[in-house]
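One line per chain: the protein sequences are A and B, in this order. The opening residue of the first sequence carries number 1 in my numbering; numbering runs sequentially from there. The opening residue of the second sequence carries number 1001 in my numbering; numbering runs sequentially from there. Note that beta-carbon positions come from the ideal geometry of N, C-alpha and C, so glycine has one too. Everything below concerns the one structure shown next.
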Amino acid sequence: MAQTRNPRLIPRQELLFQALLVLGIALGLLIAALPFLWMAVSSLGTAGMVIRIGFTWDMFNPLNWSLEPYLIAWKMAGISRYIQTTTIYAVAVTVLATTTSSLAGYVFGRLRFPARDFLFGLVLATMMIPGSVTFLPLFILMLRLPLLGGNDIMGFGGHGLYNSYAGLILPNVVSAGSIFLFRQFFRTLPGDLEDAARIDGCSEPMIWWRVIMPLSGPVVTVVALFQFQGSWNAFVWPLVMSSSERLYTISVGMYSLAYGSGSLTSMAELFQSVLLAASVMAVLPILILFIAFQRKFVQGIALTGLK
Amino acid sequence: MAVGTANRFQEFRAELRRSEVRWAYALILPAVLPLLVFTVLPVLGAIGLSFTYFDAFSATMRSAGTANYAEAFGNELFRITIRNTVQFTLGFVPLSMAVGFTAAILLNRRIRGISFLRGAYYLPVLTSTIAMGIAWMWLFQPQVGLVSLALKVIGVTPKDWLNSPFTAMPAVIGVAVWKAFGGTMLIYLAGLQGIPETYYDAAKVDGAGRWQLLRFITFPLLRPVTFYLFIIGMIDSLQVFDLVMIMTEGGPAFRTTTIVHQIYLNAFKFNQMGYASAMAVLLFIAIAVLTYFNWKFFSSSLEY
């Protein structure tokens, strides 16, 4: 078709369409990226400059940039501690949830046993129960777990797993969505390999570890990335589960910083920049992961239809 | 001799089977047990608690009958909360779908740098709501924020966007759309790529224009995707929390408070665990109904 048309004669309408297209794409890029750029530039402001003047072209001059807000955020506003807590939390959740979910995905996808379909149906059913419904009773459950954190056998007297890493991590040790994803993937693998391993006397966990997992690199990466991203950004659960700053994740820490923690109000001039510097530091690890694994993230969405 | 070998072979197979079943239960335990304890049990707990007056810290519990539900339906603040949630949904769902669809149409082509562009559009979805909420609060800053400065150019008087009753909710909706449209876009993109090119070629041969291709091929074929996004968007809208907490704290004067925000406040600030549980149960019912429609639609229209 292209050959029959005179290439020099692009119809005016076509030209207009192309121009609108480029304009639209550029506008979308601007909308998506501007808050990040604005945040980054504002976070580099020196004392007073950002909050008093707002937008000036001087802000884009690297000579005017200062890392002071970052130093204050890191040292005085406790961001270093929040980042440390968040890292422990996110890594633990990622490792545990990826392991338990892939094991269960293997069992549901490859093994035959009584009540399999019922149990898998149960797992799928839990996918529709969101954290915003369960966080309150879950909080009470963790507070009143028997024999832990000073509680007696009836769950009274102490504070259970409230305000502890165990309390933060335990409810997230498995993800129904990840089980589903693993199961779907494992079902596509050929059965000969594991049969051969089984005849050779390999036990099921060994087959999972030696045969299945080495073939599943891509799906493991996708699940691990989303687990990490989700727990890095988690807010509701860490908010209700932690009472001391020691256990604040980055989101909870920044929330408490934005609303009322007193230590920074004396530096009101710098406060906005410090908050924005903290935001940059909260976003940066995810940004780096995304740049490194962009295709995996996009694949993951297409694979699951989950957001 | 031959019979003995066959027997031993069968025994071996039966033993393999038994060990497979034993391992199966053992290996799903670390996944199924936490799901039961940390997801199913709390739902039952919420239902139970919603019929009580409960104080988690002193652990005192009194029966309340249906008083918590009566409280919810008679409560002015709960009505406001529902109204806010409906407003949010009416703004967020169509906008995030329309913007996501437009972005998908724009980026559904093979040009250089396309994966960079898709990535850039998608990035807001992955980032922390709290962090980006703080960035947007700065953009909405009344005097020197970028929103005020941009609107000043077209003659709109700057105001305290997040603290005035008429602009707080639209601002929250706008940020929520900004945060979500990349996800909608990717799902629409996957849908667009599932439409065979031959359909478009055939229509072009028949002389269909761009708009007609969109109207008579793309829209109808993407209907299942649209329905899915519509339901998921509503489920998400019912649960808005992080964004409201950081940007407005439900204010001004409860203008942007949402169901989950009310659950949080009643449970952890006012120590009304029973009433908060009743709201959680109502939220659960609403989500269950939406999920049912989703499931019903897809089990009837798609073959898996």
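key: Contact residues within the segment 22–48 of chain A, judged by C-beta distance below 8 Å to chain B   = Of all residues in the segment 22–48 of chain A, only G24, I25, G28, L29, I31, A32, A33, L34, P35, F36, W38, M39 and S42 place a beta-carbon less than 8 Å from a beta-carbon of chain B.
query = Just to confirm, are M1247 (chain B) and V1175 (chain B) a CB contact at a threshold of 8 Å?
reply = Going by C-beta atoms, M1247 (chain B) is nearer than 8 Å to V1175 (chain B).
ask   = Any idea which residues DSSP pairs M281 (chain A) with across the strands?
value = The partner list for M281 (chain A) (beta bridge, DSSP) is empty, contrary to what the question assumes.
request  = Pull up the distance between the alpha-carbon of G1004 (chain B) and that of S203 (chain A), whole angstroms please.
outcome  = Spanning the alpha carbons of G1004 (chain B) and S203 (chain A) requires a straight line of approximately 26 Å.
request  = Tell me whether R110 (chain A) is buried or exposed, calling it buried when 16 or more other Cβ atoms sit within 10 Å of its Cβ.
outcome  = It counts as buried.
ask   = Does any residue of chain B bring its CB to less than 8 Å from the CB of V298 (chain A)?
value = V298 (chain A) counts as touching chain B.
Integer Cβ distance of G1100 (chain B) from M1234 (chain B), believed to fall under 8 Å = Not confirmed; about 15 Å, so no contact.
message = Against W1161 (chain B), what residues of chain A qualify as contacts under a CB-to-CB distance less than 9 Å, listed in chain order?
response = Within 9 Å Cβ-Cβ: nothing; W1161 (chain B) doesn't reach chain A, min ~14 Å.
ask   = Is it buried or exposed for F1092 (chain B), if we count other Cβ within 10 angstroms and need 16 for buried?
value = With 16 or more Cβ atoms within 10 Å of its Cβ, F1092 (chain B) is classed as buried.
task = Give the single residue among B:E1011, B:L1192 and B:A1150 whose Cα lies nearest to the Cα of L1221 (chain B).
result = Taking only the C-alpha atoms, the option nearest L1221 (chain B) is B:L1192.
query = Just curious, the alpha helix (DSSP H) that S1063 (chain B) is in, first and last residue?
reply = From DSSP, S1063 (chain B) is part of no alpha helix (DSSP H) but of the beta strand (DSSP E) over T1060 to S1063.
request  = Out of B:F1009, B:Y1264, B:P1094 and B:A1253, state which residue places its alpha-carbon closest to the alpha-carbon of T1167 (chain B).
outcome  = Among B:F1009, B:Y1264, B:P1094 and B:A1253, the Cα nearest to that of T1167 (chain B) belongs to B:A1253.
ask   = In chain B, what lies closer than 8 Å to I286 (chain A) by C-beta?
value = Neighbours of I286 (chain A) across chain B, judged by C-beta separation under 8 Å: L1126, T1127 and S1128.
query = With respect to the beta strand (DSSP E) encompassing T134 (chain A), which residues constitute its N-terminal and C-terminal limits?
reply = No beta strand (DSSP E) holds T134 (chain A); the alpha helix (DSSP H) holding it covers G131 to L143.
request  = Output the distance between the C-alpha atoms of I1132 (chain B) and I1217 (chain B), rounded to the nearest integer angstrom.
outcome  = According to the sequence provided, residue 1132 (chain B) is Met. The question's Ile does not apply to it. When rounded, the distance between both Cα atoms is 37 Å.
task = List the residues of chain A that Q1087 (chain B) touches, going by C-beta distances under 8 Å, in chain order.
result = Simply none; closest approach about 19 Å.
request  = Specify, as a first and last residue, the run of the beta strand (DSSP E) that Y259 (chain A) falls within.
outcome  = Neither: Y259 (chain A) is in no beta strand (DSSP E) and is coded neither H nor E.
inquiry  = If I measure Cβ to Cβ from R144 (chain A) and keep anything under 8 Å in the same chain, skipping five residues before and after, which residues do I get?
reply    = If we look at R144 (chain A) and ignore the five residues flanking it on each side, its Cβ neighbours are N151, G155, F156 and G160.
query = Taking the Cβ atom as the reference point for each residue, do A1120 (chain B) and A32 (chain A) lie within a distance shorter than 8 Å?
reply = A1120 (chain B) places its beta carbon less than 8 Å from that of A32 (chain A).
ask   = Can you name the residues of chain B whose CB is closer than 7 Å to the CB of L275 (chain A)?
value = Going along chain B in sequence order, the residues near L275 (chain A) (Cβ under 7 Å) are I1134.
inquiry  = Below 7 Å on C-beta distance, what does P1042 (chain B) contact in chain A?
reply    = Ordered by position in chain A, the residues that pass the 7 Å Cβ test against P1042 (chain B) are T134, P137, L138 and L141.
message = Short of 6 Å in beta carbon distance, which residues of its chain neighbour S102 (chain A), apart from the five on each side in sequence? Order them along the chain.
response = If you ignore the 5 residues before and after S102 (chain A), its C-beta comes within less than 6 Å of the C-beta of F182, all in its own chain and listed in chain order.
request  = Starting from the Cα of F1284 (chain B), find the closest Cα among B:P1042, B:V1153 and B:M1137 and give me that residue.
outcome  = Comparing Cα-Cα distances from F1284 (chain B) to each of B:P1042, B:V1153 and B:M1137, the minimum goes to B:P1042.
Members of the segment 208–235 of chain A near chain B, C-beta cut-off 8 Å = Within the segment 208–235 of chain A, the residues whose Cβ lies closer than 8 Å to some Cβ of chain B are W208, Q229, W232, N233 and F235, listed in chain order.
ask   = Is it true that the CB of G167 (chain A) sits closer than 8 Å to the CB of M241 (chain A)?
value = Going by C-beta atoms, M241 (chain A) is nearer than 8 Å to G167 (chain A).
message = Counting beta carbon pairs with one atom in the segment 116–136 of chain A and one in the segment 1038–1054 of chain B, are three or more of them shorter than 8 Å?
response = Flag = yes, the segment 1038–1054 of chain B and the segment 116–136 of chain A touch.
request  = Taking G1116 (chain B) as the reference, give the member of A:Q294, A:N233 and A:Y70 with the closest Cα.
outcome  = Sequence check: residue 1116 (chain B) is Phe here, not Gly. A:Q294 is the residue among A:Q294, A:N233 and A:Y70 whose C-alpha sits nearest the C-alpha of F1116 (chain B).
key: Contacts of R1118 (chain B) in chain A (Cβ-Cβ under 7 Å)   = Residues of chain A passing the Cβ test: V298.
ask   = For the alpha helix (DSSP H) that contains T99 (chain A), what are its first and last residues?
value = Per DSSP, T99 (chain A) belongs to the alpha helix (DSSP H) from I79 to R110.
task = Specify the secondary structure class of F156 (chain A) as computed by DSSP and reduced to three states.
result = In this structure, F156 (chain A) counts as coil in the three-state DSSP scheme.
inquiry  = For A308 (chain A), which residues in the same chain have their Cβ closer than 7 Å to its Cβ, ignoring the five residues on either side in sequence?
reply    = Given a span of 1 to 307 for chain A in the structure shown, any question on residue 308 (chain A) remains unanswerable.
inquiry  = Spatial neighbours of G1274 (chain B) within its chain, please: C-beta separation below 7 Å, excluding the five flanking residues on both sides.
reply    = Cβ neighbours of G1274 (chain B) beyond the five flanking positions: L1049, S1050, T1052, Y1053, F1054, A1064 and N1068.
inquiry  = For a cutoff of 8 Å on Cβ pairs, would you count F113 (chain A) as touching chain B?
reply    = Yes, contact with chain B.
message = Just to make sure I have the definition right: I need the residues of chain A whose C-beta is within less than 7 Å of the C-beta of I1195 (chain B). Which are they?
response = From the beta-carbon of I1195 (chain B), no residue of chain A is found nearer than 7 Å; the closest lies around 15 Å away.
query = Once you ignore the five residues that flank S1019 (chain B) on each side, which residues in its own chain have a CB closer than 7 Å to its CB?
reply = Here the set comprises nothing.
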